[in-house]
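In the numbering used here, the protein residues as written are -6 to 412.
We treat Cβ as the ideally placed atom computed from N, Cα and C, and that holds for glycine.
None of the values given here were measured: they were computed from a predicted structure.
Below is one structure, written out as structure tokens, with a few remarks after it.
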Amino acid sequence: MKTKLADFNFFYSLFLPVVLYGVRCHYRRFMVKGRENIPWGEPFIIAPCHQNALMDALVVLQVMNRKTVFLARADIFQNPVARFFLTWLRISPVYRIRDGRESLSRNEDIFNTSREVIEKNVPLCLMAEGRHNDRHQLLPLVKGMFRIAGATQVELGDRPLYILPVGLDYDHYECLYHNVCANIGKPIDVRQFVDEYETNEPVALNHMRRVLTASLKGQMHDVVSHDRYDDELAYCHMKTQATLGQLQLKNNPWGRFMARKYISESIASMPEEQRTPLYDQGAAFADECRRRGVPLWFASKGWSVGKGLLALLASLLNIAAIVPIWKYWLVSNVVVYVPTHLIVRRAIEDTQFRSSVNYGIRMLLQFINAVVVFIVFTCVHNVWWGLGMMALCAVSAWVTPRIFMLLRDVWYGLKSHSR
């Protein structure tokens, strides 16, 4: 990692809004709570849970909405194209023992430069678990973050350094156009660990790890069971609507996330023998959803005939608005209609990387499509036509998927009420 990653870069500043707009188009709804907890003006390290490969970094970047430097595991930099894109996004490799013992020596320079980045008031994001996880569960945290935090706080003296816990929750890890929630917790002041760090570093690192673990678990949906993970998750979805009413939460992505979180926290307080019947109920609910061909994320939404009619009406009104310009609408963003997820599903074995690769492919195709559309319509008409069609590309990338999603909800709603 080079210190210049924290410095101003014109092309990064120019294209960052495009990348963030792509993230917004990739997800149906993007909900963030706790922005008031971000310690702007002070050095801080962002510590999100790591559940969806590169998409976690893009979601954090969307939350911060400013230049942010990331550290990520080194093996994802092996592909030259991926390495270029990741470096451009201000993501730098961290080496692990599995990358070879000889590579670990490189981490010292990376950690030193990370401290310089933090001291420049540029947010530094580290995935504290060290690897991603395709479950709503927190993995054991690794110590690299805490070594950087401790050493940086010593250099900062009385100036505070904070670790900012961020819980991320995805309706679906792999598929397009789902919901994502980011829950920002209270910042942890590293100064409270300094005396311990200077006298007994291993104890201080473990102390920081325990504090951050507890904080992160409080910001995310952390499923209790490992052996019956799927059954507990299904039970959470089954009880979502009832819990929304109990907690007086809105039936939106944030409300459903908080409801599932509350259910798992309630299960965690139960004796083991009381959990088994709940898991059995969850397993039966999941079987019923599979029989009807309805995913759990949809079953938890509380679909009704009235909601289905409203979704269908909204879809038809959107389509009616497009009809007069359907030729231009179709040309403006053909990428929206391309099932790139099917290509990725066959090519990428690691399910955690499928969403990230799909996002990258669609962003590239949308950029190429917009440039081609601009050139063609500028040559055939004039530059104003070209610019107008490029704007239509951006609008189509946002609107068309939402029409698909409304129709998808109607389809799943019909299946959920089938016998």
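Following the DSSP letters along the chain, one finds residue 176 in no alpha helix (DSSP H) but inside the beta strand (DSSP E) bounded by residues 173 to 177.
Taking C-beta atoms under 8 Å as the contact rule, residue 120 and residue 161 fail to qualify, at a distance of about 10 Å.
Sixteen is the threshold: since fewer than 16 other Cβ atoms of the shown chains lie within 10 Å of the Cβ of residue 193, the residue is exposed. Residue 272 is not a Cβ neighbour of residue 208, given a cutoff of 8 Å. In this structure, the alpha-carbon of residue 124 lies about 20 Å from that of residue 174. Put simply, the backbone Cα of residue 237 is about 7 Å away from that of residue 244. Beta-bridge analysis with DSSP links residue 24 to 174. Residue environment analysis places residue 267 among the exposed positions, since fewer than 16 neighbouring C-beta atoms fall within 10 angstroms of its C-beta.
Here the alpha carbons of residue 150 and residue 393 stand approximately 52 Å from one another.
Per DSSP, reduced to three states, the secondary structure at residue 85 is strand.
Excluding the 5 residues flanking it on each side, residue 200 has same chain C-beta neighbours closer than 7 Å at 186 and 189, in chain order. Residue 341 sits in coil when the DSSP states are folded into three classes, being neither helix nor strand. Distance from the CA of residue 242 to the CA of residue 131, rounded to the nearest whole angstrom, comes to 25 Å. When C-alpha distances from residue 350 are compared across 42, 14, 72 and 54, the shortest belongs to 72. Using a Cβ distance threshold of 8 Å, residue 259 and residue 216 do not count as a contacting pair.
Excluding its 5 nearest sequence neighbours in each direction, residue 378 has C-beta neighbours in its own chain below 7 Å: 370 and 371, listed in chain order.
Counting of Cβ neighbours within 10 angstroms places residue 283 among the exposed residues, the total staying below 16. When DSSP states are grouped into helix, strand and coil, residue 261 belongs to the helix group. DSSP, reduced to helix, strand and coil, places residue 134 outside both helices and strands of the structure shown, so it counts as coil. Under the DSSP assignment, residue 162 falls outside any alpha helix (DSSP H), being part of the beta strand (DSSP E) whose first and last residues are 155 to 163. 8 Å or more divides the Cβ of residue 84 from the Cβ of residue 38.
About 17 Å separates the CB atoms of residue 361 and residue 337; that is not less than 8 Å, and the two are not in contact. About 6 Å separates the beta carbons of residue 30 and residue 179, which is inside the 8 Å limit, making them a contact pair.
Cβ-Cβ distances below 7 Å link residue 48 to 348, 349 and 352 in the same chain, with the five nearest sequence neighbours on each side left out; the list follows chain order. When C-beta atoms of the region 398 to 412 are compared with those of the region 297 to 309, three or more pairs fall below 8 Å, so the two segments count as touching. Apart from sequence neighbours up to five positions away, the residues of its chain that approach residue 211 with a beta-carbon distance below 7 Å are 178, ordered along the chain. Looking at the DSSP output, residue 399 shares a beta bridge with no other residue. Taking the C-beta atoms as reference points, residue 398 is found nearer than 8 Å to residue 21. Contact between residue 331 and residue 366 does not hold, since the beta-carbon distance rounds to 15 Å and is not under 8 Å. A distance of 8 Å or more separates the beta carbons of residue 326 and residue 274. Contact between residue 64 and residue 70 does not hold, since their C-beta atoms are separated by about 11 Å, which reaches or exceeds 8 Å. For residue 332, the three-state secondary structure derived from DSSP is coil.
In the displayed model, residue 41 falls within a strand according to three-state DSSP.
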